[in-house]
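Enquirer: Following the working numbering, the numbering of the sequence shown begins with 150 at its first residue and continues without gaps.
C-beta atoms are modelled at their ideal positions from N, C-alpha and C, and glycine is treated no differently.
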Amino acid sequence: MSKEVISAYNYKLRYRVLCIAYRFFVLSMAYGLSSNICLAQNEAAQANVTSANVTANVPAQPDASVGQSAAPTREAPKQLSLSELLVSARKAKDKGEFDKVYELATQAMQRFGNDARAQQKALKDFPPSEQINNYAELNNMAECQFIKAEALKNQGKKDGSIAAFKVIVTDFSFAQAWDPRGWFYKLAKTAREAIDRMEGRDVEAEKCGALHSTKLVLNDSGKEEIVNYDNYGDFEGAGTKDYKFVVKSQGGLSEAVGEGIYPNTMSVRWDPAFQAVKKERRIEGSHWDFVHSPDLEAAFFKWALAPEPPGIRLFYTALILERAGLYKHAVKAYYAIVVHYPRTVGWTYWHTPWYIGPASIAKIKYLCKKYPQVNMKLVDSKIDVQNGFDTDISNDIFIVEPGRLIKNHIPETFSDKFNKFMAKRKTQSNIIRKLGDGKVRFVQYANGHWQLLVDDKPYMIHGITYSIAKAGQSPDDGTLKSWMDYDYNNNGKCDGPYDAFVDANKNNKQDADEPSVGDYQLMKRMGVNTIRLYHQPFPIKKELLRDLYARFGIRVIMGDFLGKYALGSGADWNPGTDYENPEHCAKMLGSVKQMVLEHKDEPYLLMWMLGNENVYGVACNADKKPEAFYKFVNEAAKLIKSLDKGHPVVIANGDVFYLDKFAKYAPDVDAFGANAYRGDYGFGTFWEMVKNLVDRPAFITEYGCSAYVYCFSREAAEEKQADYLEAAWRDIVDNSAFAGGQGNAVGGILFEWLDEWWKGYEPSIHDTKGLWVGPFPDGFMHEEWLGVAGQGDGILSPFLRQLRKSYYVYQKLWEK
Numbered sequence: 150m151s152k153e154v155i156s157a158y159n160y161k162l163r164y165r166v167l168c169i170a171y172r173f174f175v176l177s178m179a180y181g182l183s184s185n186i187c188l189a190q191n192e193a194a195q196a197n198v199t200s201a202n203v204t205a206n207v208p209a210q211p212d213a214s215v216g217q218s219a220a221p222t223r224e225a226p227k228q229l230s231l232s233e234l235l236v237s238a239r240k241a242k243d244k245g246e247f248d249k250v251y252e253l254a255t256q257a258m259q260r261f262g263n264d265a266r267a268q269q270k271a272l273k274d275f276p277p278s279e280q281i282n283n284y285a286e287l288n289n290m291a292e293c294q295f296i297k298a299e300a301l302k303n304q305g306k307k308d309g310s311i312a313a314f315k316v317i318v319t320d321f322s323f324a325q326a327w328d329p330r331g332w333f334y335k336l337a338k339t340a341r342e343a344i345d346r347m348e349g350r351d352v353e354a355e356k357c358g359a360l361h362s363t364k365l366v367l368n369d370s371g372k373e374e375i376v377n378y379d380n381y382g383d384f385e386g387a388g389t390k391d392y393k394f395v396v397k398s399q400g401g402l403s404e405a406v407g408e409g410i411y412p413n414t415m416s417v418r419w420d421p422a423f424q425a426v427k428k429e430r431r432i433e434g435s436h437w438d439f440v441h442s443p444d445l446e447a448a449f450f451k452w453a454l455a456p457e458p459p460g461i462r463l464f465y466t467a468l469i470l471e472r473a474g475l476y477k478h479a480v481k482a483y484y485a486i487v488v489h490y491p492r493t494v495g496w497t498y499w500h501t502p503w504y505i506g507p508a509s510i511a512k513i514k515y516l517c518k519k520y521p522q523v524n525m526k527l528v529d530s531k532i533d534v535q536n537g538f539d540t541d542i543s544n545d546i547f548i549v550e551p552g553r554l555i556k557n558h559i560p561e562t563f564s565d566k567f568n569k570f571m572a573k574r575k576t577q578s579n580i581i582r583k584l585g586d587g588k589v590r591f592v593q594y595a596n597g598h599w600q601l602l603v604d605d606k607p608y609m610i611h612g613i614t615y616s617i618a619k620a621g622q623s624p625d626d627g628t629l630k631s632w633m634d635y636d637y638n639n640n641g642k643c644d645g646p647y648d649a650f651v652d653a654n655k656n657n658k659q660d661a662d663e664p665s666v667g668d669y670q671l672m673k674r675m676g677v678n679t680i681r682l683y684h685q686p687f688p689i690k691k692e693l694l695r696d697l698y699a700r701f702g703i704r705v706i707m708g709d710f711l712g713k714y715a716l717g718s719g720a721d722w723n724p725g726t727d728y729e730n731p732e733h734c735a736k737m738l739g740s741v742k743q744m745v746l747e748h749k750d751e752p753y754l755l756m757w758m759l760g761n762e763n764v765y766g767v768a769c770n771a772d773k774k775p776e777a778f779y780k781f782v783n784e785a786a787k788l789i790k791s792l793d794k795g796h797p798v799v800i801a802n803g804d805v806f807y808l809d810k811f812a813k814y815a816p817d818v819d820a821f822g823a824n825a826y827r828g829d830y831g832f833g834t835f836w837e838m839v840k841n842l843v844d845r846p847a848f849i850t851e852y853g854c855s856a857y858v859y860c861f862s863r864e865a866a867e868e869k870q871a872d873y874l875e876a877a878w879r880d881i882v883d884n885s886a887f888a889g890g891q892g893n894a895v896g897g898i899l900f901e902w903l904d905e906w907w908k909g910y911e912p913s914i915h916d917t918k919g920l921w922v923g924p925f926p927d928g929f930m931h932e933e934w935l936g937v938a939g940q941g942d943g944i945l946s947p948f949l950r951q952l953r954k955s956y957y958v959y960q961k962l963w964e965k
């Protein structure tokens with residue numbers, strides 16, 4: 150989320166509980182925390198949050214002096230509950246009242262320590278989310294102890310801080326808390342990391358030093374490059390919900406596919422390399438630790454025999470084959486999932502369903518296109534998951550057409566290209582539908598494809614999120630400011646847009662040949678034509694946006710959060726915005742109206758955007774009441790159109806969550822936009838789903854990848870980021886009008902322009918820890934490294950820019 154949002158609700162965050170958020174795709178089971186468990190941590194990983202703003206009610210004591218009348222009887226002072234002690238300790242720490250922190254933490258330990266330890270003793274692992282309410286004492290007691298350890302650290306009492314953190318590690322190892330940015334954390338793990346930092350240990354570096362890269366060479370690659378499954382069984386019910394493949398010759402099919410691919414489960418054990426790896430004890434430990442291991446040989450053997458459902462085992466085996474450069478065998482493995490296990494469902498880190506069959510189809514198409522030497526093509530393959538837009542998998546219906554792999558050796562001829570060009574010209578002259586009445590509008594052609602037109606010319610959204618945060622500033626301590634107010638060199642100009650410079654030699658200095666050029670100019674050179682902004686919570690300085698468009702040709706998508714993070718609704722953070730509450734809805738419509746009246750006549754405006762993945766439910770109930778939410782979205786869209794007919798209205802959804810509800814209840818929203826982080830192969834079935842269910846333009850309102858990868862050099866990590874982002878953009882282009890795909894993509898918004906240092910959470914340190922599991926180069930999201938530009942060592946922030954490879958890759962992509 151943007152720094153503007155965090156800053157706005159910073160004080161709410163300190164005294165209210167975060168509703169659990171869902172987001173992004175990779176296999177793992179999350180442990181959520183219930184809303185009555187307090188959050189309290191900012192040591193390099195967490196925000197300063199507590200469950201309620203509670204002030205202790207301690208009545209004054211009566212004067213019992215001799216000779217005076219007896220004072221009225223009063224109740225004895227109320228003892229604070231554990232959660233109230235936690236709140237009070239956090240407030241005391243924020244004020245620098247460290248003695249009070251220690252007093253409160255000591256009281257908590259004396260009164261509740263034994264109960265917390267008893268709960269710890271009863272556990273053998275972290276409790277699942279539905280049982281977390283039963284362990285409030287354990288979690289809250291550990292957080293009180295964490296606050297004490299932080300206070301000691303802040304006072305420079307290193308030994309005392311380490312001792313306090315060690316209590317959490319030894320006594321409360323199963324304590325958990327939920328972070329308001331949308332992921333859970335384990336207090337003992339974070340305490341251990343704090344101890345390591347204070348003791349000067351770099352655990353990740355030690356782990357990297359112990360890893361050795363290996364090359365995978367298959368002993369049995371199978372007898373058939375493209376397996377003819379008809380020779381080994383029967384496809385029954387293809388194209389229906391009753392599809393299945395019945396194996397008739399398991400031995401023959403095993404020989405055809407080769408090792409590691411179902412049903413061949415034995416060749417791996419016969420592989421001489423497996424025996425060597427086993428003897429060297431290189432496959433010990435959890436198979437999940439091998440997903441991104443550079444020891445590809447061990448990783449392959451570990452996953453080929455992993456104790457997971459076969460569809461999941463096959464997917465990660467294929468992923469490792471892909472990483473090993475064995476693309477043909479990887480394609481065979483992915484296709485085996487489509488044939489045998491198309492209904493496999495995994496769970497993301499955020500406990501949302503992950504449909505592995507459709508993901509495998511997307512992977513096959515990506516590999517066949519990126520690596521022409523594979524000489525394969527997947528045709529007529531489709532897995533339609535009906536009712537798959539929510540978290541309830543019990544009602545899912547899978548319509549499976551496995552299709553087939555074929556040789557792809559016929560190059561496109563000049564005649565083919567000419568015929569395509571003529572068909573495109575003919576189709577473009579036949580517009581059958583328009584959305585929008587002004588100079589900015591969406592149009593649909595006779596072939597069903599969509600384009601965005603601006604002044605009657607096609608406009609592909611080359612977007613980026615522009616959000617500058619000075620290193621050292623954080624919403625957690627209230628220091629984060631709007632980038633529009635930055636003028637730290639006191640020259641009367643906004644720092645980022647006009648005074649940023651490129652540190653070309655990466656020496657963290659501004660050399661004589663490194664003039665100030667400003668971000669606006671740098672974004673123009675990159676090919677950016679659009680940035681995304683929200684009109685809340687900070688006021689917009691329109692003169693900055695007028696100049697952005699007038700001199701640099703960059704337009705603005707202006708958004709309203711529509712109650713997300715409780716912004717605009719007047720709701721408290723907990724329970725958050727209620728889309729059936731008339732008062733909340735009236736205030737949000739007032740906010741939308743204010744936005745439109747303020748910006749509708751500005752030349753920089755491209756379109757309006759509503760929400761920001763509200764369906765994940767952070768401080769709003771869109772996830773619980775999707776019908777009410779989308780009905781309200783539609784009401785907001787109709788309001789905008791009554792005030793401004795010149796600019797379209799779009800939504801920023803959370804991937805395709807509740808896409809069916811959107812299609813039904815929000816017909817007045819002109820385009821479907823979504824924040825999506827699906828992996829290095831693009832966006833998979835996203836475009837097809839939107840086309841089939843909504844038949845309106847589509848674009849990605851947020852996508853990105855970090856430029857930090859565990860155990861990789863800076864250059865190699867930037868290469869990974871660039872590859873990931875290039876694949877994302879190419880997928881967008883492939884699905885734009887007349888490009889051969891679904892024809893409904895109108896662009897995307899890359900997240901983001903510049904690294905933000907506060908997200909990890911010590912704002913003066915460029916933290917490298919992975920904050921949550923996701924489909925990224927090393928399996929983790931490093932939130933502080935998402936920029937296509939970095940801030941170097943932070944000393945010359947907010948001026949210094951170190952442009953990454955992704956910047957130059959997009960410069961070439963967006964020239965076209």
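#1: Checking 9 Å against the spacing of the C-beta atoms, do F974 and Y779 come in under that value?
#2: Grouping DSSP H, G and I as helix and E and B as strand, with all else coil, what is C517?
#3: For the candidate residues Q256, R239, D243, whose alpha-carbon lies nearest to that of L229?
#4: Hey, which unbroken runs of the beta strand (DSSP E) at 3 residues or more fall wholly within the stretch 374 to 429?
#5: Between which two residues does the alpha helix (DSSP H) carrying W452 extend?
#6: Is DSSP giving K840 helix, strand or coil here?
#7: Should Q951 be labelled buried (16 or more other beta-carbon atoms within 10 Å of its own) or exposed?
#8: Among the residues of its own chain, which have a CB less than 6 Å from the CB of K655, if the five just before and after it don't count?
#9: Rounding to the nearest angstrom, what Cα-Cα distance links G896 and A847 in this structure?
#10: Buried or exposed: R681, going by 16 or more other Cβ atoms within 10 Å of its Cβ?
#11: Decide if the stretch 446 to 453 is in contact with the stretch 465 to 475; the criterion is three or more beta carbon pairs, one per stretch, under 8 Å apart.
#12: Identify whether T497 lies in helix, strand or coil by the three-state DSSP scheme.
#13: Could you check where the beta strand (DSSP E) with D308 kicks off and where it finishes?
#14: Give me the residue from E776, N802, A777 with the minimum Cα distance to N761.
#15: With contact counted as at least three CB pairs below 8 Å, one residue from each stretch, are the stretch 767 to 774 and the stretch 744 to 756 in contact?
#16: At which residue ranges does the stretch 460 to 509 contain complete alpha helix (DSSP H) runs of 4 or more residues, listed in the order of the chain?
#17: Using a threshold of 9 Å, state whether the C-beta atoms of V488 and L516 are closer than that.
#18: Just curious, the beta strand (DSSP E) that E964 is in, first and last residue?
#19: Going by the DSSP bridge assignment, what does W599 pair with across the sheet?
#20: Which term fits A815, buried or exposed, when burial requires 16 or more other beta carbons within 10 angstroms of its beta carbon?
#21: Can you give the Cα-Cα distance for K372 and N413, rounded to whole angstroms?
#22: Going by C-alpha distance, which of F384, Y956, E246 is nearest V677?
#23: On the three-pair Cβ rule with 8 Å, is the stretch 581 to 593 touching the stretch 821 to 830?
#24: Under the three-state reduction of DSSP, which class applies to W921: helix, strand or coil?
#25: If you compare alpha carbons, which of I706, Y484, E837, H796 is closest to K526?
#26: In its own chain, which residues sit with a C-beta less than 6 Å from the C-beta of D212, not counting the 5 before and 5 after it?
#27: Would you be able to state if there are at least three C-beta pairs under 8 Å between the stretch 314 to 322 and the stretch 337 to 349?
#28: Apply the 10 Å Cβ neighbour rule to I546 and answer buried if 16 or more other Cβ atoms are within range, or exposed otherwise.
#29: Taking the alpha-carbon positions, what's the A856 to K428 distance?
#30: Closest to F450 by CA distance: which of I469, D721, A877, L360 is it?
#31: Taking only three categories from DSSP, how would you classify R582?
#32: When burial is assigned at 16 or more other CB atoms within 10 Å of the CB, is M838 buried or exposed?
#33: Let's test the definition: count the other Cβ atoms within 10 Å of the Cβ of V567 and tell me whether it reaches 16, buried, or not, exposed.
#34: Here's a check: name, in chain order, each residue in its chain whose Cβ is nearer than 8 Å to the Cβ of M290, leaving out the five neighbours to either side.
#35: Taking only beta-carbon positions, decide if K658 is within less than 9 Å of chain B.
#36: With 16 as the cutoff for other CB atoms within 10 Å, does L360 come out buried or exposed?
Expert: Taking the structure as given:
#1: The structure shown does not extend to residue 974, since the chain is modelled only from 150 to 965, so the question has no answer here.
#2: Walking along the sequence shown from the start, residue 517 turns up at place 368. Three-state result, C517: helix.
#3: Position 80 of the sequence shown, counting from 1, holds the residue named residue 229. Ranking the options by Cα distance to L229, first place goes to Q256.
#4: 382 to 385, 393 to 396
#5: Numbered from 1 along the sequence shown, position 303 holds the residue referred to as residue 452. Note, W452: alpha helix (DSSP H), 445 to 453.
#6: Numbered from 1 along the sequence shown, position 691 holds the residue referred to as residue 840. Three-state DSSP puts K840 in a helix.
#7: On the sequence shown, residue 951 is found 802 positions in, with the first residue counted as 1. Burial call: buried.
#8: Numbered from 1 along the sequence shown, position 506 holds the residue referred to as residue 655. Correct list, in chain order: Q951.
#9: In the sequence shown, residue 896 corresponds to position 747, counting from 1. In the sequence shown, residue 847 corresponds to position 698, counting from 1. Taking the straight line from one Cα to the other gives about 8 Å.
#10: One-based indexing of the sequence shown puts residue 681 at position 532. R681 should be labelled buried.
#11: yes
#12: As a working mapping, residue 497 is identified with position 348 in the sequence shown. T497: strand per DSSP, three-state reduction.
#13: The residue you call residue 308 lines up with position 159 of the sequence shown. Where D308 is concerned, there is no enclosing beta strand (DSSP E), although the alpha helix (DSSP H) it sits in stretches over 307 to 320.
#14: The residue you call residue 761 lines up with position 612 of the sequence shown. The shortest C-alpha separation from N761 is found at N802.
#15: no
#16: 476 to 489
#17: Position 339 of the sequence shown, counting from 1, holds the residue named residue 488. Position 367 of the sequence shown, counting from 1, holds the residue named residue 516. No, Cβ-Cβ distance for V488 and L516 is not below 9 Å.
#18: The count along the sequence shown starts at 1 and reaches residue 964 at position 815. That residue, E964, is in no beta strand (DSSP E); it is neither H nor E in DSSP.
#19: For the purposes of this step, residue 599 is identified with residue 450 of the sequence shown, where counting begins at 1. Note: W599 sits in a beta bridge opposite Q593.
#20: The residue labelled residue 815 in the question sits at position 666 within the sequence shown. It is buried - the Cβ of A815 has at least 16 other Cβ atoms within 10 Å.
#21: If you number the sequence shown from 1, residue 372 lands on position 223. If you number the sequence shown from 1, residue 413 lands on position 264. If you take the alpha carbons of K372 and N413, they lie about 12 Å apart.
#22: For the purposes of this step, residue 677 is taken as the residue at position 528 of the sequence shown. The shortest Cα separation from V677 among F384, Y956, E246 belongs to Y956.
#23: no
#24: Counting from one through the sequence shown, the residue named residue 921 turns up at place 772. Strand at W921.
#25: In the sequence shown, residue 526 corresponds to position 377, counting from 1. If we check each option's Cα against that of K526, Y484 comes out closest.
#26: As a working note, residue 212 is residue 63 in the sequence shown. Note on D212: pLDDT 37, under 50, position unreliable in the model; the coordinate value appears next. Here the set comprises nothing.
#27: yes
#28: The residue you call residue 546 lines up with position 397 of the sequence shown. Classification of I546: exposed, given that the 10 Å Cβ count is below 16.
#29: Working through the sequence shown from its first residue, we reach residue 856 at position 707. Working through the sequence shown from its first residue, we reach residue 428 at position 279. Answer to the nearest angstrom: the Cα atoms are 36 Å apart.
#30: As a first step, residue 450 must be located in the sequence shown, where it is residue number 301. Here the closest residue by C-alpha is I469.
#31: Against the sequence shown, residue 582 aligns to sequence position 433. Note: R582 maps to strand in three-state DSSP.
#32: Locating residue 838 in the sequence shown gives position 689, where the first residue counts as 1. Result: buried.
#33: Counting from 1 along the sequence shown, the entry for residue 567 is found at position 418. Correcting the residue identity first, residue 567 is Phe in this sequence and not Val. Classification of F567: exposed, given that the 10 Å Cβ count is below 16.
#34: Translated into the one-based positions of the sequence shown, residue 290 becomes position 141. Cβ within range, chain order: L231, A257, M258, F261, G262, D264, A265, F321, A324.
#35: Within the model displayed, chain B is absent; a lone protein chain is all it includes.
#36: To locate residue 360, count along the sequence shown from 1; it is residue 211. Answer is exposed; the Cβ neighbour count stays below 16.
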